[in-house]
Amino acid sequence: MVYDVGVNLASCRGCVFCRLGCLAYWSGAVTMGGLEGCRDVERGGKRWWVASFKSINDGMCESVLKDAILEKSCDGIDLSCNSIGPEGARVIAQVLEHHETITEVDISANAIGDHGAAYFSELIQNSSNIKFLDLHANQITDQGASAIAAVLLGNESLEDLDLSANYITDEGASHLAQAIKKNKTLKSISLRSNDFTSIGQQVLLEAVEQNDRITTIEGTDRMKAFETICIIT
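The following block contains the structure:
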């Protein structure tokens with residue numbers, strides 16, 4: 559049985575590997591549903607539980623996924639390329655707030671939107687465990703970016719944040735820039751393939767130049783031209 563992951567490939571802003579993965583799913587090359595076939599893997603010396611491409615929706619987050627996460631003793635969870643919306647994001651964020659071992663979260667290529675981004679901003683505000691958060695390709699606009707930026711102003715735990723392939727404009731870029739200037743722990747940030755113009759690029763560049771703790775932008779050395787990394791689409 560092939561499940562509909564609810565992804566519109568024509569409008570998807572995910573990376574090429576994500577888009578190819580979604581295409582394989584739709585074509586039937588990937589047919590698993592629910593949490594069957596989820597696996598434990600090692601990534602960079604850390605233990606990850608991978609539950610990507612499982613057609614997980616908001617209802618499943620409450621009925622199945624919540625308990626599965628609570629039972630896992632791992633360092634990271636990969637929930638990418640599912641059908642998780644704002645309510646599912648709320649359930650996941652609340653569970654992770656009380657989880658003792660998980661420090662890295664990949665929920666990219668879902669549809670959590672601004673409300674979901676707000677739930678995850680509450681997570682990183684209330685939990686000092688989360689070090690890595692991937693929210694790319696999640697239909698996040700300036701509202702969600704602003705919620706995350708507000709938390710980043712005083713956050714002292716998050717080190718790696720991915721907000722690429724969303725719908726953030728100059729307004730959201732400005733809020734994020736203010737947070738980047740003052741944040742003391744962030745080391746890596748990805749903002750490519752958003753909707754800000756050269757104005758947003760400039761304020762972000764100035765912010766990064768004032769924060770020497772950030773060593774990578776989109777996985778590239780910070781000394782390289784920001785314009786080649788922060789792509790306007």
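Heads up, this note's numbering is the position in the sequence shown plus 558, with the first residue counted as 1.
Glycine residues also receive a C-beta, built at the ideal position from the N, C-alpha and C atoms.
What is the DSSP secondary structure of Asn724, counted as helix, strand or coil?
Here residue 724 refers to the residue found at position 166 of the sequence shown. Three-state result, Asn724: coil.
Whose C-beta lies closer than 6 Å to the C-beta of Tyr725 among residues of the same chain, with five residues either side of it excluded?
Position 167 of the sequence shown, counted from the first residue, corresponds to residue 725. If we look at Tyr725 and ignore the five residues flanking it on each side, its Cβ neighbours are Thr699 and Asp753.
Would you call the segment 650-669 and the segment 680-691 in contact, with 3 or more CB pairs under 8 Å?
Counting Cβ pairs under 8 Å, three or more are found: they touch.
What three-state label does DSSP hand Gly634 in the structure shown?
Numbered from 1 along the sequence shown, position 76 holds the residue referred to as residue 634. Gly634: strand per DSSP, three-state reduction.
Are Lys739 and Asn696 close, meaning C-beta to C-beta below 8 Å?
Numbered from its first residue, the sequence shown carries residue 739 at position 181. Numbered from its first residue, the sequence shown carries residue 696 at position 138. For the pair Lys739 and Asn696, the CB atoms are not nearer than the 8 Å cut-off.
Quick one: grab the DSSP three-state call for Ser610.
Residue numbering aside, residue 610 sits at position 52 when the sequence shown is read from its first letter. In this structure, Ser610 counts as coil in the three-state DSSP scheme.
Own chain, CB closer than 7 Å to Val653, minus 5 neighbours either side, in chain order:
Within the sequence shown, the letter at position 95 stands for residue 653. For Val653, where only same-chain residues beyond five positions count, the Cβ hits under 7 Å are Lys624, Ile627 and Leu628.
Between Tyr677 and the rest of its own chain, which residues show a CB-CB distance below 6 Å, the 5 nearest in sequence each way excluded?
Walking along the sequence shown from the start, residue 677 turns up at place 119. Closer than 6 Å at Cβ, skipping near neighbours: Ala647, Arg648 and Ala651.
Thinking just about the alpha-carbon of each residue, which of Gln759, Ser631, His656 and Met618 is nearest to the one in Lys604?
For this step, residue 604 is matched to residue 46 along the sequence shown. The option with the nearest alpha carbon to Lys604 is Ser631.
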